[in-house]
Structure formats: structure tokens, C-alpha cells
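A short write-up of the structure that comes next.
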Amino acid sequence: MLTVVRVLGMSSEDEMVACFLSGELSSRRFGQNLRSHLAAAGQTEQLLTHPDLSGTGANFARRALLAATRGYGENRDLFENFPTQVTWTRALLSADEAAGVRYLDYSYWVELSGGSRRPSDAAARIKAGLRAFDVPNEPFVDAAHALIRGERFPPLILVGESQDNLVCLEGHLRLTAHALVGFETDIECLIGTAPTMGRWAQ
Numbered sequence: 059m060l061t062v063v064r065v066l067g068m069s070s071e072d073e074m075v076a077c078f079l080s081g082e083l084s085s086r087r088f089g090q091n092l093r094s095h096l097a098a099a100g101q102t103e104q105l106l107t108h109p110d111l112s113g114t115g116a117n118f119a120r121r122a123l124l125a126a127t128r129g130y131g132e133n134r135d136l137f138e139n140f141p142t143q144v145t146w147t148r149a150l151l152s153a154d155e156a157a158g159v160r161y162l163d164y165s166y167w168v169e170l171s172g173g174s175r176r177p178s179d180a181a182a183r184i185k186a187g188l189r190a191f192d193v194p195n196e197p198f199v200d201a202a203h204a205l206i207r208g209e210r211f212p213p214l215i216l217v218g219e220s221q222d223n224l225v226c227l228e229g230h231l232r233l234t235a236h237a238l239v240g241f242e243t244d245i246e247c248l249i250g251t252a253p254t255m256g257r258w259a260q
């Protein structure tokens, strides 16, 4: 399925880093580790909750934080083989477009989706009571309920060699929650494209 998105405007590496860290701050899995690194760096959560993208020092601090926690800019961990030159845009995805986004090629997401790496397939399996590696599905259900209550999530971060074949970099839980409620609304996202992104986003 082609994923032709509605572009809202240009973004930047600094905005992507801030958005990524904001998403992880609220994560049950990654939030505590991020807070520990914030404290070790002598920073408060305001660096992430109210990012000033015009501040060079703050942008540098956020990039250093993402490097420490996820390997950004250091060619390791999540960002191994990630391109150094990426074009970032802000966009909206419709339901059909969002359903065409694939999960990261990581064992948990492959298993949760039954091998397809599609969020709609994962949602169907979650509704059927199936678990990946016996990990509880409650966080997905809770996030879906939050969407139904009208809560707004941070933008997803998606990447690809072009905008018609996208893989989720950050926001897998939120993407799955949208799938659980049937992609009822357009989804805000940041999209990163680079000719060599295929080395990372297969």
C-alpha cells in the first residue's frame, strides 16, 4: 500500500530529537531510564516537556541524552546504520496511510503482528487475546482507551527512503493504540527520509 501523506511543513533534526524524547518520557518501558539520565546530566524534565528548539544549548543537551539512552549519532543500539543526513517533515496520515506503516523489524513487533509488521494485524491479535512472548497487552488497551477519551499523543516518528514506504522509528505503542480504535482520526507525525534509510528501515 502506498503511503502518500499530507505534508504540513518542514521539520528538523532538533524537533525530531525533542519529539522522540517526549514520547519516551511517557513510556512505561523507557521513561525511568530517561529520567535517570536527565538527573545525571543535571537537567529537569522541562528540557523535554517544554522544548525550546531555538536554544542551541538545549538542543545539544537533548541530542546528548538521546545518544546516551538510544545510541543516536553514535551508530549503535536503535540507531545503528541510521543515516546522518535526513530530511524531516511534519505531516498528517489518514487511516489508510497509517495502516500502511510497518513496525520496526524487531522480534517483539514481528511476533505481535503475526509476522506482517502491520499495526492492524497486531490490533486483531491483541483483541483475540494473543500475546507476544507472553508480554501483557494492557498498555496498548490503556492507550486505546486514552484515545477514546480524547487524549492527544505526541507525534509518531516515521522513516523511509521515501514517504510511500514508512517504518515506525518511535511511537509503536501509540501506533498500535490507533489501530485498536480503527484509525478514527488523522495521525500527526514527523517523517524522516534519506536515500540510504533502507539500511536501517527494511
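For the sequence shown, the numbering used here puts the final residue at 260, and the numbers step up evenly by one. Note that CB positions come from ideal geometry on N, CA and C, so glycine has one too.
Length of the line joining the Cα atoms of residue i and residue j
i: Phe-137; j: Gly-129; result: 6 Å
i: Met-74; j: Leu-124; result: 11 Å
i: Thr-251; j: Phe-78; result: 16 Å
i: Ala-122; j: Ala-76; result: 11 Å
i: Ala-126; j: Glu-82; result: 13 Å
i: Leu-66; j: Asn-133; result: 30 Å
i: Val-199; j: Ala-235; result: 7 Å
i: Asp-179; j: Ser-80; result: 27 Å
i: Leu-231; j: Leu-188; result: 16 Å
i: Ile-249; j: Glu-103; result: 25 Å
i: Asp-244; j: Val-217; result: 18 Å
i: Met-68; j: Arg-148; result: 6 Å
i: Arg-86; j: Ser-220; result: 31 Å
i: Met-59; j: Leu-170; result: Note on Met-59: pLDDT 41, under 50, position unreliable in the model; the coordinate value appears next. Spanning the two alpha carbons is a distance of roughly 20 Å.
i: Pro-212; j: Gly-131; result: 22 Å
DSSP-derived helix/strand/coil call for residue i
i: Gly-115; result: helix
i: Trp-146; result: strand
i: Gly-129; result: coil
i: Leu-216; result: strand
i: Glu-228; result: strand
i: Leu-162; result: coil
i: Val-65; result: strand
i: Ala-97; result: helix
i: Thr-234; result: helix
i: Val-239; result: coil
i: Ala-202; result: helix
i: Glu-246; result: strand
i: Ala-190; result: strand
i: Thr-254; result: coil
Cβ neighbour criterion (16 or more within 10 Å) applied to residue i
i: Val-105; result: In the sequence as presented, Val is not what sits at residue 105; that position holds Leu. Buried, because 16 or more other Cβ atoms sit within 10 Å of the Cβ of Leu-105.
i: Thr-107; result: exposed
i: Phe-191; result: exposed
i: Ser-94; result: exposed
i: Ser-72; result: In the sequence as presented, Ser is not what sits at residue 72; that position holds Asp. Buried, by the Cβ-count rule.
i: Pro-109; result: buried
i: Pro-194; result: exposed
i: Ala-181; result: buried
i: Arg-210; result: exposed
i: Gly-240; result: exposed
i: Arg-160; result: buried
i: Gly-100; result: exposed
i: Thr-61; result: Here Thr-61 scores only 45 on pLDDT, less than 50, and its place in the model should not be relied on; the value that follows carries that caveat. That one is buried.
Cβ pair count under 8 Å reaching 3, the stretch 162 to 176 against the stretch 101 to 118: no
Inter-stretch contact (C-beta, 8 Å, three-pair minimum) for the stretch 238 to 255 and the stretch 131 to 151: In short, these stretches touch, since the Cβ pair count reaches three.
Inter-stretch contact at 8 Å, needing at least 3 Cβ pairs: the stretch 217 to 237 / the stretch 168 to 182: yes
Segment contact, 8 Å Cβ cut-off, at least three pairs: the stretch 200 to 211 with the stretch 147 to 163: no
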